[in-house]
Each structure stands twice: as structure tokens, then as C-alpha cells.
Amino acid sequence: MKADMAYVSFTNFDSNETVIRKTDGVRTGEYASIRQPLGTGVLGRVAIGHAPYWTSDYVVDEKLHHMGQIDEIVRGEGVRALLGAPLSVAGRVIGALLIAYRTRRDFTDADVRQLESLAEQSAVAIDNAQRHEQLMALVEQSGGEQRRSESDIAELSRGLDLDRRLVEAVASELTASSLLAIGAQALGCDLWLTDPSGQRAVASSTDGPAPERSSGTFLTVTAAGQQFGQLLTDRALGEAEQTMLERVSLHVALWMMLTRAREAVELRDGTEAVTALVSGKLDADGVRTVMEEWWLHHTDRWCVIALETPEPVVDRVVRALSASSTSPVLVAPHDGHICVISGDGRWVEGLSVLFAHRGWRLRGGFSWVDGAPAGPDGLAAAHRRAQLALSSQVHLDRDGLSDGSGLGILAAVFHLAARGELPPSLVADLTPLVEHDAAHRGDLLHTADVYFAADGSVARTATLLGVHRNTVRQRLERIAELLGEDWNRMPRKLDLQLALRVHALSRDPRS
Numbered sequence: 001m002k003a004d005m006a007y008v009s010f011t012n013f014d015s016n017e018t019v020i021r022k023t024d025g026v027r028t029g030e031y032a033s034i035r036q037p038l039g040t041g042v043l044g045r046v047a048i049g050h051a052p053y054w055t056s057d058y059v060v061d062e063k064l065h066h067m068g069q070i071d072e073i074v075r076g077e078g079v080r081a082l083l084g085a086p087l088s089v090a091g092r093v094i095g096a097l098l099i100a101y102r103t104r105r106d107f108t109d110a111d112v113r114q115l116e117s118l119a120e121q122s123a124v125a126i127d128n129a130q131r132h133e134q135l136m137a138l139v140e141q142s143g144g145e146q147r148r149s150e151s152d153i154a155e156l157s158r159g160l161d162l163d164r165r166l167v168e169a170v171a172s173e174l175t176a177s178s179l180l181a182i183g184a185q186a187l188g189c190d191l192w193l194t195d196p197s198g199q200r201a202v203a204s205s206t207d208g209p210a211p212e213r214s215s216g217t218f219l220t221v222t223a224a225g226q227q228f229g230q231l232l233t234d235r236a237l238g239e240a241e242q243t244m245l246e247r248v249s250l251h252v253a254l255w256m257m258l259t260r261a262r263e264a265v266e267l268r269d270g271t272e273a274v275t276a277l278v279s280g281k282l283d284a285d286g287v288r289t290v291m292e293e294w295w296l297h298h299t300d301r302w303c304v305i306a307l308e309t310p311e312p313v314v315d316r317v318v319r320a321l322s323a324s325s326t327s328p329v330l331v332a333p334h335d336g337h338i339c340v341i342s343g344d345g346r347w348v349e350g351l352s353v354l355f356a357h358r359g360w361r362l363r364g365g366f367s368w369v370d371g372a373p374a375g376p377d378g379l380a381a382a383h384r385r386a387q388l389a390l391s392s393q394v395h396l397d398r399d400g401l402s403d404g405s406g407l408g409i410l411a412a413v414f415h416l417a418a419r420g421e422l423p424p425s426l427v428a429d430l431t432p433l434v435e436h437d438a439a440h441r442g443d444l445l446h447t448a449d450v451y452f453a454a455d456g457s458v459a460r461t462a463t464l465l466g467v468h469r470n471t472v473r474q475r476l477e478r479i480a481e482l483l484g485e486d487w488n489r490m491p492r493k494l495d496l497q498l499a500l501r502v503h504a505l506s507r508d509p510r511s
């Protein structure tokens with residue numbers, strides 16, 4: 001976070017103060033040894049454990065309870081901006097983590113969340129170290145209370161071993177079920193992690209269904225003011241076991257915070273990669289480099305998909321799409337839609353099943369790129385076709401994926417229409433023919449469409465429609481009366497042909 005200094009304090013509620021123990025970047029000994037009364041300053045306010053706090057300019061911040069002697073130390077250190085977060089483990093406050101700047105600075109919500117995450121991780125490490133010190137102290141004091149000490153030592157050893165295994169699982173980026181399996185082994189019972197409402201199981205140490213709350217012990221998984229879910233057991237736990245469950249809960253929360261942080265980074269990186277690939281601004285080497293970074297270079301055919309987001313939480317859709325593919329895939333929000341680049345044709349074909357399973361509406365466009373995509377326009381052109389096809393689906397209110405390679409100029413028309421930018425003069429007005437057919441049960445629209453397709457041949461039109469040539473001539477005369485004598489001459493003829501195709505697509509999805 002590029003702070004000028006950082007430090008950790010330990011809170012002593014008996015003496016009503018928090019004491020700085022470890023510093024980095026602090027210049028003066030007076031600052032490094034501050035003993036801050038709880039509730040005063042930023043440090044004392046945060047060390048109570050209620051919530052993080054920040055100030056852009058400490059000395060002039062009137063919302064703080066200032067201590068004159070400590071303020072002088074702060075001025076001597078040159079500190080102005082401060083951001084702090086409590087250090088707490090399983091609801092127990094052990095101190096505070098602060099970062100400081102020697103210039104005025106405002107902090108964002110992202111800054112606060114990042115420091116809270118660091119504080120959660122630091123609290124686990126500090127608590128483990130303190131427990132280890134307690135264990136060593138018990139060993140030294142075992143003497144005359146050997147039996148009691150052995151029991152305490154054994155309990156602490158089990159807790160330390162559980163912490164070690166859970167920390168290793170989190171650091172190794174194992175699954176949430178792996179963490180629960182470690183906790184289940186230590187507790188001797190199965191564990192389930194549900195969503196915050198308790199309705200849906202997210203992970204478990206077993207394949208069995210989650211039990212009711214009343215049949216065991218449940219614990220809310222929280223960290224940094226966020227609720228991540230609930231831990232359930234299949235039997236009631238004793239006091240010591242509940243303490244161990246709290247340790248599991250803490251590490252599950254840490255795992256979820258780190259997972260979300262990684263996903264946020266991957267989402268940002270994915271968005272940057274998609275933008276680079278479909279912008280058309282990269283040269284051949286640049287395209288190849290990005291494709292290699294995302295392991296998309298091991299095939300010679302790629303599908304670019306533009307999807308309408310099926311729900312407000314875009315990140316959830318991106319994660320589901322990424323997790324569903326066994327082969328490399330690039331998924332990221334881009335320009336108001338979700339962009340996907342994949343070389344797996346079977347996965348693309350299975351998107352309808354994935355969306356249906358989740359109750360999502362599948363609507364989008366796609367286009368394939370054959371051969372090396374290293375050319376600066378390969379993926380960019382495919383993305384434009386896919387985006388135009390998506391606009392067509394939206395304008396026609398159709399579900400499914402539309403192939404952008406087969407729409408031609410209609411794709412551009414639908415794209416403009418979907419954006420509300422279609423000039424009225426671009427597509428001819430078919431209203432007179434539509435109203436005539438509706439009022440007289442006629443077939444002038446279809447006749448005009450077939451007539452154009454037959455290159456203006458009355459004989460071929462009659463054959464295709466299954467009517468007499470005179471009937472065709474009569475219909476053509478009626479069309480001329482309704483639209484004007486120039487309806488079959490350029491450039492009006494082109495406008496009508498385009499309008500007829502748009503009308504046909506709007507009415508018949510098979511067109």
C-alpha cells in the first residue's frame with residue numbers, strides 16, 4: 001500500500017491501553033514505544049476492536065480524542081494520515097494494525113478492505129505465535145503440576161497442529177472442502193459450509209446432505225465485518241470442540257477473503273486481456289503473447305462469444321463460466337457484455353445446458369476464427385461479428401446464440417436498432433404492406449420477398465408461390481399502388497429488400 005510506516009500494537013484491556021510492539025519505517029524511539037489509552041487517537045480507537053478507522057490529517061482531526069503528549073510525538077514523527085484495522089481472532093481482540101503516511105491522504109473503501117484482509121491474516125499469525133509461547137511456558141512450568149500441564153500442553157498442541165494444517169491448506173489454495181475435511185478430522189465429525197442464509201451448501205467434508213441446525217452446532221463465518229456463511233456439524237460440540245470449530249471458521253473466512261481477492265485480480269486481468277485482444281491495436285507478437293499467457297495458443301481455432309449478462313452480479317456469471325470449462329478459456333466483462341474466447345467447441349455447444357441448469361437466460365452472438373489469430377484483426381473482427389449478433393438477438397428478443405458470420409449487413413442494422421441509433425430512412429417502411437395483408441388476409445409481403453429472390457422473374461415467382469402468373473402480376477401492381485412505382489428500382493429496391501429480411505427475421509426465428 002506504499003505506506004511510509006506500519007506498526008502492530010497489542011491490547012491490554014486490564015490496563016486499558018494498547019502498546020506498540022513491532023514497527024517498520026518508524027524513525028523515533030518515542031513513537032515506537034507509544035502506550036495509547038483505549039478509545040483515544042486512531043490507535044486507541046481501532047485497538048478496541050469495533051471497526052477500522054482512518055484520518056487524512058491526524059493532528060487537525062477534531063473527531064478524535066487527542067492526548068497532548070502523544071500528539072507531540074506524532075508531530076515529531078511527521079505523521080499525518082493514518083489507517084488502522086483491529087487484530088482479532090475468533091471474536092477476541094488482540095491489538096491493531098496501522099499504516100501511516102507523512103503526507104495528507106484520503107483512503108478509499110478498497111484501501112480499508114485491503115488493510116482489513118492483512119489484519120485478519122496477521123492476527124492468525126500473531127495468535128499462533130502467542131499460543132506457541134504459551135506452550136513453551138507450560139513446558140517450563142510443568143514441574144509440580146505435571147498432569148495438568150500435560151493436559152494443557154496436549155490441548156495446545158492439537159490446536160497448533162490444526163492451525164498449521166489449515167494455514168498450509170489456505171496457502172496451497174486448496175478447496176474449501178479440503179479445509180472442512182481437516183477440521184472434520186480434528187473434531188471427529190462432519191462439517192458443512194452453507195451460504196449466509198443457511199439454505200445452500202457451499203462445501204462439505206462429506207457427500208451427505210447438510211443437517212438441520214438443531215441436530216448439531218452451527219457457527220457464523222465472519223471476518224472484517226463480512227458474513228461469509230455458516231459452519232454446521234452433525235452433532236453437538238463440547239466447549240473445547242467449539243473453540244476448535246472457531247479456529248476452522250477463522251481459516252475458512254481467511255480462505256474466502258483470499259479467494260475473492262484472487263478472483264478480483266483475475267477478473268481485472270481478464271478484462272485487460274480481452275480488451276487488448278479485441279481492440280485490434282496489438283501487433284502479431286502482442287496477440288500471441290496474450291494468448292500464451294492464458295494458455296489459448298494450443299489450438300488453431302477460436303470462438304469469440306458476446307453474451308448478455310443473465311443476472312446483475314456479473315462476477316458470479318464470469319466465475320461460473322470459467323469454472324465450467326476443462327480447457328483454457330478467457331472470460332471477462334467488456335463493453336456492456338460478457339466476452340468469452342475459447343477453443344473448445346464442445347464447451348461452447350454446452351453453454352445452453354449450463355445456463356438452463358442455473359436458470360439463466362442465454363442470449364448472445366458468436367463467431368469462429370480459423371488459423372493463427374496473431375493477425376491484428378482476427379479476434380477483433382470476430383468480436384465485432386459476435387457483438388453484432390448479440391445486438392440482433394436483443395433486438396429480436398430471441399434466446400440462444402446467433403452466428404455472427406451469417407447475418408451480413410442485417411447484423412449492423414440490428415446493432416443500430418438495439419442501440420436506438422437506427423436512422424428511419426435506412427430501412428424502408430413496410431407499414432402499407434403489413435396493414436394491407438392484415439386487413440385482407442393478403443400475402444403481399446411474402447410475394448415481394450419471393451419476387452426479389454427470383455431476380456424479378458414473374459414465372460419463377462409464380463412457381464415458388466404455387467399461384468398463377470396473373471395472380472403474381474396483380475399482386476405486384478397492388479404493391480406499386482401502395483409503395484409507389486419506384487419500389488422495384490434502385491436504390492429503393494435495396495431498402496425494401498433489407499426491410500423484408502428484417503421483417504422475416506423478426507417474425508420467424510428459423511429465417
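Note that our numbering gives residue 262 to position 262 of the sequence shown, counting from 1, and the numbers run on in steps of one.
Every residue, glycine too, gets a C-beta built ideally from N, C-alpha and C.
These numbers were taken from a predicted model, which means no experiment stands behind them.
Report buried or exposed for residue 100, applying the criterion of at least 16 other Cβ atoms within 10 angstroms of its Cβ. With 16 or more other Cβ atoms from the protein chains shown falling within 10 Å of its own Cβ, residue 100 counts as buried.
Other residues of its chain near residue 493: CB distance less than 8 Å, five sequence neighbours each side excluded: Counting only Cβ-Cβ distances below 8 Å, and skipping sequence neighbours, we find 452, 487.
Helix, strand or coil: how does DSSP classify residue 197 here? In the three-state reduction of the DSSP assignment, residue 197 falls in the coil class.
Would you decide whether residue 1 is buried or exposed? Buried here means 16 or more other CB atoms lie within 10 Å of its CB. By the neighbour-count rule (16 or more Cβ atoms within 10 Å), residue 1 is not buried but exposed.
Between residue 441 and residue 431, what straight-line distance do the alpha-carbon atoms span, to the nearest angstrom? Approximately 15 Å between the Cα atoms of the pair.
Please give me, in chain order, every unbroken run of the beta strand (DSSP E) with length at least 3 that falls completely inside the stretch 336 to 362. Every beta strand (DSSP E) stretch that sits fully inside the stretch 336 to 362 and reaches 3 residues is listed by chain position as 337 to 342.
Buried or exposed: where does residue 249 fall if 16 or more other Cβ atoms within 10 Å of its Cβ makes it buried? Burial call: buried.
If contacts are defined as beta-carbon pairs under 8 Å, then residue 89 and residue 123 qualify, I think. What distance do you get, rounded to the angstrom? Separation of the CB atoms of residue 89 and residue 123 is rounded to 5 Å, and the pair is thereby assigned contact status at 8 Å.
Pick helix, strand or coil for residue 498, following the three-state DSSP scheme. Three-state result, residue 498: helix.
So, do the stretch 99 to 116 and the stretch 235 to 247 have three or more beta carbon pairs nearer to each other than 8 Å? These segments do not touch.
Looking only at its chain, what residues have a beta carbon closer than 8 Å to the beta carbon of residue 32, apart from the 5 residues adjacent to it on each side? So the qualifying residues of the chain are 7, 20, 23, 26.
With which residues is residue 22 paired in a DSSP beta bridge? Its beta-bridge partners are 8.
Length of the line joining the Cα atoms of residue 500 and residue 449: If you draw a straight line from the Cα of residue 500 to the Cα of residue 449, it comes to about 6 Å.
When the Cα atoms are used, what is the spatial distance from residue 368 to residue 334? Their backbone Cα atoms lie some 18 Å apart in a straight line.
Let me know the alpha helix (DSSP H) ranges lying completely inside the stretch 373 to 405, each 4 residues or longer, listed in chain order. The qualifying runs are 378 to 396.
Answer yes or no: do residue 273 and residue 321 have a C-beta to C-beta separation smaller than 8 Å? Not in contact: residue 273 and residue 321 (Cβ atoms no closer than 8 Å).
Would DSSP call residue 176 helix, strand or coil? The answer is helix: DSSP assigns residue 176 an H, G or I state.
Which first and last residues belong to the alpha helix (DSSP H) in which residue 447 is found? Bounds of the alpha helix (DSSP H) holding residue 447 are 444 to 453.
Is residue 236 helix, strand or coil by DSSP? Residue 236: coil per DSSP, three-state reduction.
So, under 8 Å CB-CB, residue 514 and residue 202 are touching, yes? Tell me the CB distance rounded to an integer number of Å. In this structure the chain extends from 1 to 511, so residue 514 is not present and cannot be described.
Run of the alpha helix (DSSP H) containing residue 282, from where it starts to where it stops: For residue 282, no alpha helix (DSSP H) segment is defined, and its DSSP state is neither H nor E.
On the premise that residue 83 lies in contact with residue 115, defined as a C-beta separation below 8 Å, what is that separation, rounded to the nearest angstrom? Indeed they touch by this definition, with Cβ atoms about 6 Å apart.
DSSP bridge partner residues for residue 99 (one or two, in chain order): Partner(s): 6, 83.
C-alpha distance - residue 30 paired with residue 46, whole-angstrom precision: Roughly 20 Å between the two C-alpha positions.
Scan the stretch 36 to 67 and note each continuous alpha helix (DSSP H) run of 4 residues or more that stays entirely inside, going in chain order. You should have 41 to 47.
Please state whether DSSP places residue 144 in a helix, a strand or coil. Low confidence applies here, because residue 144 scores a pLDDT of 49, under 50, leaving its location unreliable; read the following figure in that light. Residue 144 carries a helical assignment under DSSP once its states are collapsed to helix, strand and coil.
Three-state class that DSSP yields for residue 479 in the structure shown: In the structure shown, residue 479 sits in a helix (DSSP, three-state: H, G or I).
So what does DSSP say about residue 473, is it helix, strand or coil? Of the three classes helix, strand and coil, the one that applies to residue 473 here is helix, per DSSP.
Helix or strand or just coil, what does DSSP make of residue 70? Annotated three-state conformation of residue 70 is helix, per DSSP.
Just to confirm my understanding: we take residue 10, look at its own chain, exclude 5 residues before and 5 after, and list those with CB closer than 7 Å. What are they? Same-chain partners within the cutoff: 18, 19, 21, 94, 95.
Does the stretch 290 to 298 come into contact with the stretch 350 to 367, if we say contact requires no fewer than three beta-carbon pairs (one atom in each stretch) closer than 8 Å? Not touching, per the Cβ criterion.
Note the first and the last residue of the continuous beta strand (DSSP E) segment covering residue 219. DSSP places residue 219 in the uninterrupted beta strand (DSSP E) bounded by 218 to 223.
Using the rule of at least 16 other Cβ atoms within 10 Å of the residue's Cβ for burial, across every protein chain shown, is residue 357 buried or exposed? Its Cβ having fewer than 16 others within 10 Å, residue 357 is exposed.
Proximal residues to residue 374 (C-beta, below 6 Å), its chain only, five neighbours per side dropped: With a pLDDT of only 47 at residue 374, under the threshold of 50, the placement of this residue in the model should not be trusted; the figure read from the coordinates follows. Closer than 6 Å at the Cβ level, and outside the excluded window around residue 374, lie 284, 287, 288.
CA-CA distance, residue 144 and residue 186? With a pLDDT of 49 at residue 144, under the threshold of 50, the modelled position of this residue cannot be trusted, and the question is left open.
In this structure, does DSSP put residue 16 in helix, strand or coil? In this structure, residue 16 counts as coil in the three-state DSSP scheme.
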